[in-house]
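Only one structure is covered here, and it is reproduced in the block below.
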Amino acid sequence: AQKVTQAQTEISVVEKEDVTLDCVYETRDTTYYLFWYKQPPSGELVFLIRRNSFDEQNEISGRYSWNFQKSTSSFNFTITASQVVDSAVYFCALSEGQAGTALIFGKGTTLSVSS
Amino acid sequence: DVKVTQSSRYLVKRTGEKVFLECVQDMDHENMFWYRQDPGLGLRLIYFSYDVKMKEKGDIPEGYSVSREKKERFSLILESASTNQTSMYLCASSPDRDRAYNQPQHFGDGTRLSIL
Numbered sequence: 001a002q003k004v005t006q007a008q009t010e011i012s013v014v015e016k017e018d019v020t021l022d023c024v025y026e027t028r029d030t031t032y033y034l035f036w037y038k039q040p041p042s043g044e045l046v047f048l049i050r051r052n053s054f055d056e057q058n059e060i061s062g063r064y065s066w067n068f069q070k071s072t073s074s075f076n077f078t079i080t081a082s083q084v085v086d087s088a089v090y091f092c093a094l095s096e097g098q099a100g101t102a103l104i105f106g107k108g109t110t111l112s113v114s115s
Numbered sequence: 116d117v118k119v120t121q122s123s124r125y126l127v128k129r130t131g132e133k134v135f136l137e138c139v140q141d142m143d144h145e146n147m148f149w150y151r152q153d154p155g156l157g158l159r160l161i162y163f164s165y166d167v168k169m170k171e172k173g174d175i176p177e178g179y180s181v182s183r184e185k186k187e188r189f190s191l192i193l194e195s196a197s198t199n200q201t202s203m204y205l206c207a208s209s210p211d212r213d214r215a216y217n218q219p220q221h222f223g224d225g226t227r228l229s230i231l
C-alpha cells in the first residue's frame, strides 16, 4: 500500500536560515510520481514540483531544492535563506503509475519563519 | 491561468441539514476531486470523478455523496450534516483521465465548513 510520512509536524526558523522538510514514502510500484505542494495561510494548495521514479536528478529552483533518493525512499525539500513568505504548510504526495489512482498526501509540515 | 473556484470560503450549517459545496473549474479538465483537511490528518480524499456522471469513492466517502452533471462542475453533498463533518474542504482538478496519476492537481481556495 502507498504511504507518505512527513515526520516533522512543525518547524520554526528565523529568516535567512536554511530548512529541510523531510518526506519518506512507501510504494510497491516501480513507476510512481512524487509531488510537493505549498499551502499558504490563504488556503489554496500551490503545486511546487513533480518527480517521476526514473528521474533521480536533484532539482533547484531559486531558493528551493529537492533531493530525491530512491535508496532511502525519500524526497526532501530544502529552502535556502528562508523568508517570512515561506511560512506555510507543505505537503508531500505520492501517486503510483496506474490509471485510476489518486494522490496520497502526507500529513504536512507547518513551517514558520520569523523575522 | 488555471482556475478552480469554490462557491463559499466559509459556511455555517446546522446538524441534520443537507449541505451542498460547489466547485467549478474553467480549464476543461476531465478529473475533479474532493478532499477534506483536518489538523494532524492532512488531506484525505472523499470522492473523485473522471468524467461527467461518473464518480469513484476515495478513502472517506461515508456521509458524503457527489454529483457531476457537467464537466466543469463537481458538487459535494452532505446528506445529513453532522458535527464531525466540520472541516476544511478542498476541491481540485487535473487534465486527463488516463494520466491522472502523474498530473499536478490544481486546487481551489477551500471552504471552511462548520456544523453546529
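The listed protein sequences correspond, in order, to chains A and P. Once you know that position 78 of the first sequence is 78 in this note's numbering, the rest is easy, because the numbers rise by one and skip nothing. This note's numbering runs 115 ahead of the 1-based position in the second sequence. Glycine included, every Cβ here is placed at the ideal spot set by N, Cα and C.
Which of the three DSSP states is assigned to residue 70 of chain A in this structure? Counted from its first residue, the first sequence places residue 70 of chain A at position 70. Correct three-state label for residue 70 of chain A: helix.
Starting from residue 165 of chain P and walking both ways along the beta strand (DSSP E), at which residues does that stretch end? For the purposes of this step, residue 165 of chain P is taken as residue 50 along the second sequence, with counting starting at 1. That residue, residue 165 of chain P, is in no beta strand (DSSP E); it is neither H nor E in DSSP.
Is it right to say residue 96 of chain A is buried, meaning 16 or more other beta carbons lie within 10 angstroms of its own, or is it exposed? Numbered from 1 along the first sequence, position 96 holds the residue referred to as residue 96 of chain A. Buried, since its Cβ has 16 or more Cβ neighbours within 10 Å.
For residue 188 of chain A and residue 90 of chain A, what's the separation of their Cα atoms in angstroms? For chain A, the structure presents residues 1 to 115; residue 188 of chain A sits outside this window and is missing.
How far does the beta strand (DSSP E) with residue 189 of chain P in it extend, from its first residue to its last? Here residue 189 of chain P corresponds to residue number 74 of the second sequence, with the count starting at 1. Residue 189 of chain P -> beta strand (DSSP E) spans 188 to 193.
Check the Cβ-Cβ distances between residue 166 of chain P and every residue of chain A, and say whether any is below 8 Å. In the second sequence, residue 166 of chain P corresponds to position 51, counting from 1. Not an interface residue.
Can at least three beta-carbon pairs, one atom from the region 14 to 23 of chain A and one from the region 188 to 202 of chain P, be found at a separation below 8 Å? no
Neighbour-count burial assignment, residue 231 of chain P, 16 or more Cβ in a 10 Å radius: Counting from 1 along the second sequence, the entry for residue 231 of chain P is found at position 116. Exposed is the call here.
Classification of residue 130 of chain P by the beta-carbon crowding that lies within 10 angstroms, buried from 16 upward: Along the second sequence, read from residue 1 onward, the residue named residue 130 of chain P stands at position 15. Burial call: exposed.
Does the CB of residue 210 of chain P have a neighbour CB from chain A at under 8 Å? Taking the second sequence and counting its residues from 1, the one referred to as residue 210 of chain P is at position 95. It does not: the Cβ of residue 210 of chain P has no partner Cβ on chain A nearer than 8 Å.
Thinking C-alpha only, which one of A:4, A:43 and A:77 is nearest residue 28 of chain A? Along the first sequence, one-based indexing puts residue 28 of chain A at 28. When only C-alpha atoms are compared, the closest one is A:4.
In the DSSP output, which residue or residues are listed as bridge partners for residue 37 of chain A? Mapped onto the first sequence, residue 37 of chain A falls at position 37. Beta-bridge pairing links residue 37 of chain A to A:47 and A:91.
Is residue 161 of chain P buried or exposed, if buried means 16 or more other CB atoms sit within 10 Å of its CB? On the second sequence, residue 161 of chain P is found 46 positions in, with the first residue counted as 1. The residue is buried, with at least 16 neighbouring Cβ atoms inside 10 Å.
So, is residue 102 of chain A buried or exposed, given that buried needs 16 or more other C-beta atoms within 10 angstroms? By one-based count along the first sequence, residue 102 of chain A stands at place 102. Burial call: buried.
Can you list, in chain order, the residues of its chain with a C-beta nearer than 7 Å to that of residue 32 of chain A? Leave out the 5 residues immediately preceding and following it. By 1-based counting over the first sequence, the position of residue 32 of chain A is 32. Counting only Cβ-Cβ distances below 7 Å, and skipping sequence neighbours, we find 53, 94, 95, 96 and 97.
Run through the DSSP bridge pairs and tell me what residue 139 of chain P is partnered with. In the second sequence, the residue the question calls residue 139 of chain P occupies position 24. Paired residues: P:120 and P:188.
Residues from the region 49 to 61 of chain A in contact with chain P, defined by Cβ distance under 8 Å: 50 and 52
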